[in-house]
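Here the protein sequences line up with chains E and A, keeping their order. Okay, so the first sequence: first residue is -11 according to the numbering used here, each after it adds one. Okay, so the second sequence: first residue is 14 according to the numbering used here, each after it adds one. Using N, Cα and C, we set each Cβ at its ideal position, and we do this for glycine too. Reviewing the structure listed below.
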Amino acid sequence: MKHEIVQKQGATVVIFRGEIDLESSPAARETLLKCFGDTSNVIVDLSDVSYIDSSGVASLVEALQASKKNGSQFSLAAVSEPTRRVLELARLDKVFTLHDSVDAAIQAHA
Amino acid sequence: MANPPSGDDRRNPHVFDRRKSSGSSGHLELLSKMSGHLAVTLNLEETIQKALDLIVKFVKAEGGALFILEEKFNTLICKASAGPVDIRGIRIRSGEGIVGQCVSVDTSRIVRDVQQDPNFDQTVDESTGFQTRSILCAPMTVNGRRLGAIELVNKSSEDGFFSDTDLLMLQTLASAAALAINNAHMAEELVEQERVSRELELATEMQRSLLPQSPDSHFPVSGTNLPAYEMSGDFYDFFELDDDRIYFSLGDVSGKGMDAALLMSKTASLFRCLGKTILEPDQLLATINRELCETAIHGMFVTMVCGILDPRSGEVRLANAGHEPPLVQSRYGTFTELPASAPPLGIMTLQAADDGIREEQFNLNGGTLYIFTDGVTEGSLQDGTRLEQSGFQTIMLERSDLPAAGRIEAVVKLLSDTGRKRHDDITLLAVEDNRPGLPGVGPADESSLVSRYNFPARADALHAVREVVNNACESCGCAREAATDIMIAVGEACQNVVRHAYRDHDEGEASLEIYCKDGILEFRLQDTAQPVDTEKVKPRWPEELGPGGLGLCLIHDIMDSVEYLPLPEGRGNLLRMVKLIKGYDNNET
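Right, dumping it as structure tokens:
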């Protein structure tokens, strides 16, 4: 897994690429939680995630809980098909806020 | 109607002492005629009236009346009357008046002058204007049962007095009439019995019609009920929900009579009606309980199990209120009891919460769930011993060649063919996970091996395992969506091995075998770590979220069968996951 953080129109956009599995999920978790220290507007771009397992999902859930705790905005954008499937199976697709694109997420957060 | 032999005259000198032989022949003819009519009559009142008219005329009385005793009211009612005044319908208290006294002491009487008799009751004369001078009265009795009396009034010829012969004539008529009345009573009772028995038959039929039939031999739920008497206090029911899941239930009402049968019908109706909308078995039992408590019948209660089977996955949700523990027979022939979590229904209000009825969730994995009443386990065998749960298990194992419906029929046959009188209803329900294509229990078929891959139990090895799975799915002609799902499930299973199995050691090995045959993909994931407690590795949904629990949920959701196979060496774990890939697109959840 690779990640990149970009600032776009006041939002912190975290872009994950590749596989978020048991090996990489600790890094994903750390990246996400660190964001909430600096900003209160986080969007996770999952368009290029080819695989996510339950440990990766757990990192996202933890980030969601952190955002709720400190009143930050947090949403997932451009969720890739394999990721969407796991979220559906885990019944979490209604728990997260999902947007079709990063731009749509930025607009919604504004 | 032949004349009686002359010997009869001599044997009954009192009857004929004051009459000529031609007269005696007249007596006999009359008596024979009246007795014959009374013996075969279909219209008792009319026949009795005719007989009374004849004897009044023959004895030359001015009038007569026949009284029937209504024991319930201790009253004599006039049912037939002859002479100048019609006194039908008048009532005399038993023991009062001359006729009342005749009945109460069961004795005939000749009263030559009623004015001299202290028992004589004037009221009838006063109300009718008739003047009674003399009375002849004979009671009607059969086997000591008092039925009433016949009385004649005012002899209208000769000396104006009733003779002994008249009395004997009347007594004979009274005996014949008594028999006819008794027969009529018995016939009435018989008709009443017949009516009750017909009603019972209809009720039995009605109750049988409440029990569902399996639509075909492949239907996963089947039941049987054999009442000990006409009506049963047990019931079972099942029906398909709109989403193809099957709701099933079995219950046992305390007691055995008609009251139990009626409460059974009520409970079964509540199940069928409320089950259409309440899709959580624990909530359903709690609701039925509230209904039963509202109209509680003192001292009666219902033990009941209900659940939902998803025939596509083998998943079962079950709740048990006070009923004998159902049994789950795994495909390997091991049995597990599922005890009740709540008291019987109809006693006290419960909440479907922690302190109320709890729901169990499990996967049958090709096994069968049996729910039965105590009539089964406590049922007598031919040698007089009880079947017990152990006997039940033995039959299930011995008859494992049969489908579940056949196995429970075998139990019923064993318990009903004993030649002994049964005292309890036998009711059984089998819920079978009979999904087509569930692989057999035996070792994997080497010829269908697609891939065998050994890997170190480390997080950085998981990517390669997924590659192997992906390639295998592709080579087996799996659709892309199915392959994605399978990769998620197998990935989670491997992740669990890495995370849990070797947590005390740094290094461990695991192996994944992939088999494919007839549209069935089978994965066998083996490690050599400490055996897991299969009770503890149950799927948990996100409310108790941890990656481990969620991973198991994903595996169970995606795979058609997930189970730990026993390992002969007793060391390590072998997890088998099966996915049916034929027609996957249609079955996608």
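- For the options Gln406(A), Lys63(A), Asp573(A) and Gly49(A), the alpha carbon positioned closest to that of leucine 377(A) is the one of Asp573(A).
- Under the criterion of beta carbons closer than 8 angstroms, threonine 154(A) and aspartate 119(A) qualify as touching, at roughly 6 angstroms.
- For valine 166(A), the closest of Ser94(A), Gln129(A), Ile439(A) and Leu215(A) by C-alpha to C-alpha distance is Ser94(A).
- Along the region 45 to 78 of chain E, the positions whose C-beta sits under 7 angstroms from a C-beta of chain A are Val45, Ala46, Val49, Pro70, Arg73, Val74, Leu77 and Ala78, read in chain order.
- Residues are counted here when their Cβ sits less than 8 angstroms from a Cβ of chain E; for the region 564 to 587 of chain A these are Gly564, Cys566, Leu567, Asp570 and Ile571, given in chain order.
- If you check the CB distance, leucine 51(A) and alanine 187(A) do not come in under 8 angstroms.
- Short of 8 angstroms from the beta carbon of aspartate 126(A), and not among the five residues preceding or following it, lie these beta carbons of its own chain, in chain order: Arg146 and Ser147.
- Taking 8 angstroms as the cut-off, the Cβ atoms of tyrosine 383(A) and leucine 441(A) count as close.
- For arginine 465(A), same chain residues with a beta-carbon under 8 angstroms away, outside a window of 5 residues either side, are Ser524, Leu525, Glu526 and Ile527 in chain order.
- When DSSP states are grouped into helix, strand and coil, glutamate 350(A) belongs to the strand group.
- Beta-carbon to beta-carbon, valine 116(A) and leucine 89(A) are separated by about 6 angstroms, close enough to satisfy the 8 angstroms threshold.
- For asparagine 302(A), the uninterrupted alpha helix (DSSP H) segment begins and ends at 294 to 307.
- Neighbourhood of threonine 497(A) in chain E, by CB distance below 7 angstroms: Pro70 and Arg73, in chain order.
- Here valine 209(A) is exposed: its Cβ has fewer than 16 other Cβ atoms, across all protein chains shown, within 10 Å.
- Counting C-beta atoms within 10 angstroms of its own C-beta, glutamate 11(E) has 16 or more neighbours from the protein chains shown and is therefore classed as buried.
- Around glycine 504(A), the beta-carbon contacts reaching into chain E at under 8 angstroms are Asp9, Tyr39 and Asp41.
- Non-local beta-carbon contacts of leucine 180(A) in its own chain, meaning distances under 8 angstroms to residues more than five positions away in sequence, involve Ser121, Ile123, Leu149 and Ala151 in chain order.
- Three or more beta-carbon pairs separated by less than 8 angstroms link the region 38 to 48 of chain E to the region 64 to 71 of chain E, which places the two stretches in contact.
- The Cβ of arginine 258(A) sits no closer than 8 angstroms to any Cβ of chain E.
- At least one CB of chain E lies nearer than 8 angstroms to the CB of glutamine 508(A).
- In this structure, cysteine 507(A) sits near valine 478(A), with a CB-CB distance shorter than 8 angstroms.
- In this structure, serine 262(A) places its C-beta atom within 8 angstroms of the C-beta atom of methionine 317(A).
- Here arginine 537(A) is buried, its C-beta having at least 16 other C-beta atoms within 10 Å.
- Histidine 87(E) is classed as buried because its beta carbon has at least 16 other beta carbons within 10 Å across all chains shown.
- Ranking Arg285(A), Glu445(A), Thr280(A) and Pro357(A) by CA distance to the CA of leucine 254(A) puts Arg285(A) first.
- Judged by DSSP secondary structure, lysine 22(E) falls within the alpha helix (DSSP H) whose first and last residues are 13 to 26.
- Secondary structure at cysteine 91(A): strand, using DSSP grouped into helix, strand and coil.
- Restricted to the region 472 to 499 of chain A, the alpha helix (DSSP H) segments that are unbroken, complete and at least 4 residues in length are 475 to 488, listed in chain order.
- Nearest Cα to valine 444(A) within the set Val341(A), Asn156(A) and Leu223(A): Val341(A).
- Taking each of Thr541(A), Ser48(A), Val503(A) and Cys566(A) in turn and checking the Cα distance to glutamate 535(A), the smallest one comes out for Val503(A).
- Beta-bridge annotation (DSSP): serine 524(A) is paired with Asn467(A) and Gln539(A).
- Taking 3 residues as the minimum length, the beta strand (DSSP E) runs contained wholly in the region 135 to 182 of chain A are 148 to 155 and 158 to 168, in order along the chain.
- According to the DSSP assignment, methionine 409(A) belongs to no beta strand (DSSP E) but to the alpha helix (DSSP H) extending over 401 to 411.
- Cβ-Cβ distances below 6 angstroms link aspartate 9(E) to Asp41 in the same chain, with the five nearest sequence neighbours on each side left out; the list follows chain order.
- With the criterion set as a beta carbon lying under 8 angstroms from some beta carbon of chain E, the region 319 to 342 of chain A has no members that meet it.
- The beta carbons of isoleucine 81(A) and glycine 161(A) sit closer together than 8 angstroms.
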